[in-house]
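A.B. asks: Before anything else, here's the structure in question.
Numbering (full-length UniProt numbering), first residue to last: 1 to 266.
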């Protein structure tokens with residue numbers, strides 16, 4: 001009886017081992033099927049943007065998901081290294097046909113960047129592991145037109161009446177919001193997200209105006225009638241938050257009469 005019980009238990013263990021081996025083989029097959037795909041490439045690229053705290057990572061994830069992965073699932077599940085330029089054309093053509101040329105240009109840019117990142121990753125020790133192992137030898141997006149004609153910057157500027165109306169609206173806002181928007185205007189209409197990233201280390205009051213990136217902003221502001229003394233006054237009333245901690249520094253005393261120079265706003 002004991003021998004029979006031992007035999008049955010041994011059979012059960014053997015069956016369990018076979019089941020576990022089959023499950024592992026299936027799991028590895030699924031992993032192998034998704035490894036190196038365009039879907040995996042784009043996931044690795046966008047997750048890398050998120051980890052690097054890039055401001056456009058959500059935009060990249062959304063555009064690639066809505067206009068590449070979801071409408072072209074078969075393409076997304078192809079090996080990224082095997083995809084040819086002609087196979088990516090329908091992705092962008094679909095957007096152009098829908099009168100979304102700007103989005104098509106951004107989709108092309110993100111696709112190109114994803115492929116370029118994967119190509120570099122195999123040689124870059126700092127690259128995220130999620131971008132390694134795709135064995136991509138060339139960037140298929142590079143062969144496609146840049147679509148720069150969909151990315152033309154607007155040339156229209158506010159009229160004097162519109163500027164007066166804008167300033168009047170600012171007067172009804174809270175003090176800090178009003179000052180921040182006034183400063184942005186006087187700096188030549190810089191991107192607010194970039195200005196919000198400025199820290200105390202980014203403020204250089206001794207920089208050469210000819211080399212300071214802010215000299216361009218000041219030139220643009222001057223063309224709008226915003227003198228250095230005006231934006232210097234607004235700057236002096238604000239506090240730039242420190243990213244390292246919760247403190248902030250008053251910079252009114254450190255900004256020279258000509259307004260100083262804010263460097264590395266990028």
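Backbone N, C-alpha and C define an ideal beta-carbon position, used for all residues, glycine too.
Here's the rule I'm using: 16 or more other beta-carbon atoms within 10 Å means buried, otherwise exposed. How should residue 183 be labelled?
C.D. replies: The residue you call residue 183 lines up with position 183 of the chain shown. That one is buried.
A.B. asks: Nearest to residue 46 by CA position, among 169, 130, 148 and 158, is which residue?
C.D. replies: The sequence position of residue 46 within the chain shown is 46, counting from 1. If we check each option's Cα against that of residue 46, 130 comes out closest.
A.B. asks: Using a Cβ distance threshold of 8 Å, determine whether the region 75–93 contacts the region 133–145, with at least three qualifying pairs required.
C.D. replies: Yes, the region 75–93 touches the region 133–145.
A.B. asks: Considering only DSSP beta bridges, list what residue 79 is partnered with.
C.D. replies: Within the chain shown, numbered from 1, the residue matching residue 79 stands at position 79. For residue 79, which the question treats as bridged, DSSP gives the partners 37.
A.B. asks: Should residue 44 be flagged as near chain D, meaning a C-beta pair shorter than 8 Å?
C.D. replies: Absent here is chain D; the protein component of the structure consists of one chain.
A.B. asks: At what residues does the alpha helix (DSSP H) containing residue 59 begin and finish?
C.D. replies: Along the chain shown, one-based indexing puts residue 59 at 59. 57–64 is the extent of the alpha helix (DSSP H) around residue 59.
A.B. asks: I'd like the list of long-range same chain contacts for residue 55, defined as Cβ closer than 6 Å, with 5 residues on each side in sequence excluded.
C.D. replies: In the chain shown, the residue the question calls residue 55 occupies position 55. Counting only Cβ-Cβ distances below 6 Å, and skipping sequence neighbours, we find 193.
A.B. asks: To the nearest whole angstrom, what separates the beta carbons of residue 40 and residue 49, a pair I think is in contact under 8 Å?
C.D. replies: Sequence index remark: in the chain shown, residue 40 carries index 40 (1-based). Sequence index remark: in the chain shown, residue 49 carries index 49 (1-based). At roughly 15 Å, the Cβ-Cβ gap does not stay under 8 Å, so residue 40 and residue 49 are not in contact.
A.B. asks: Consult DSSP for residue 144 and reduce its assignment to one of helix, strand or coil.
C.D. replies: Counted from its first residue, the chain shown places residue 144 at position 144. Residue state, collapsed to three classes: coil.
A.B. asks: Measure the alpha-carbon distance for residue 117 versus residue 88 and round it to whole angstroms.
C.D. replies: Locating residue 117 in the chain shown gives position 117, where the first residue counts as 1. Locating residue 88 in the chain shown gives position 88, where the first residue counts as 1. Using only the alpha carbons, I get a separation of about 18 Å.
A.B. asks: So, under 8 Å CB-CB, residue 42 and residue 75 are touching, yes? Tell me the CB distance rounded to an integer number of Å.
C.D. replies: For the purposes of this step, residue 42 is identified with residue 42 of the chain shown, where counting begins at 1. For the purposes of this step, residue 75 is identified with residue 75 of the chain shown, where counting begins at 1. Incorrect: roughly 11 Å between the Cβ atoms, too far for contact.
A.B. asks: Going by the beta-carbon positions, is the gap between residue 68 and residue 6 smaller than 8 Å?
C.D. replies: On the chain shown, residue 68 is found 68 positions in, with the first residue counted as 1. On the chain shown, residue 6 is found 6 positions in, with the first residue counted as 1. Result no, Cβ atoms of residue 68 and residue 6 do not sit closer than 8 Å.
A.B. asks: Report yes if the CB atom of residue 114 is closer than 8 Å to the CB atom of residue 132, and no otherwise.
C.D. replies: Position 114 of the chain shown, counted from the first residue, corresponds to residue 114. Position 132 of the chain shown, counted from the first residue, corresponds to residue 132. Contact: no.
A.B. asks: Examine the ligand ADP and report whether any of its heavy atoms sits within less than 7 Å of the Cβ of residue 8.
C.D. replies: The ligand ADP is not part of the structure shown, which contains no ligands of any sort.
A.B. asks: Residue 155 by DSSP, collapsed to three states: which one?
C.D. replies: What you label residue 155 is simply residue 155 of the chain shown in a count that begins at 1. Coil at residue 155, not helix or strand.
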